[in-house]
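Taking it in order: structure first as structure tokens, then the write-up.
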Amino acid sequence: MTTQFYDRAEALVKRTAARTTRSRIEILAVLLAARRALTHHEIERRARRAGVDRVTIYRVLEWLVACGLAHRIAGDDRVWRFNAAADEHARRHAHFKCNDCGEVICLEAAVPARAVPLPSGYRPQEVELTVKGLCAGCTSARR
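As structure tokens, this is what we get:
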């Protein structure tokens, strides 16, 4: 992983006015470098070289989500996946999930509508849009 991800992660963590720790920077850098949403286990494997333990990873991920620096995606397999959400656009987009391999990627160009019409008295707290199908790798494997 290049220093650009660490530098960006450090700048984003500092913007929160919270304590800037090595663990927070490491985990956010892992998410920034990832091309897709990662499970806790995948994050743990990538952060192991930095000596970040499993419990710290859980705590940092929860903190990143609470601060708006990461978002959490619910998988059909009941495993959370995490991705960096460094700006407003990144926090408001759709996802694609491969039905064969389980890969989840962000669809940056597909932004869910801000306002979903709801009955009177209802207030939305979260909108999640996931397109399901076959990724390029699984599609070519079936040919």
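First residue of the sequence shown: 98, per the numbering used here; consecutive thereafter.
Each residue gets a CB set at the ideal place from its N, CA and C atoms; glycine is no exception.
Counted as a single uninterrupted DSSP element, the beta strand (DSSP E) harbouring leucine 204 occupies residues 201-204. By alpha-carbon distance to cysteine 164, the top candidate from Glu205, Thr136, Arg112, Gly230 is Arg112. The three-state reading of DSSP puts arginine 132 in coil, since its state is none of H, G, I, E or B. Residue burial is scored here from C-beta neighbours: asparagine 196 has fewer than 16 other C-beta atoms within 10 angstroms and is therefore classed as exposed. Pairing valine 127 with alanine 108 gives a Cβ-Cβ distance that is not under 8 Å.
Counted as a single uninterrupted DSSP element, the alpha helix (DSSP H) harbouring cysteine 164 occupies residues 151-164. Nearest to glycine 172 by alpha-carbon distance, out of Glu200, Cys232, Ala115, is Glu200. Annotation: the continuous beta strand (DSSP E) that includes threonine 227 extends over 227-230. Contact check between the segment 141-159 and the segment 100-107: fewer than three CB pairs, one atom from each, fall below 8 Å, which does not count as touching. Valine 110 counts as buried, since at least 16 other C-beta atoms from the protein chains shown sit within 10 angstroms of its C-beta.
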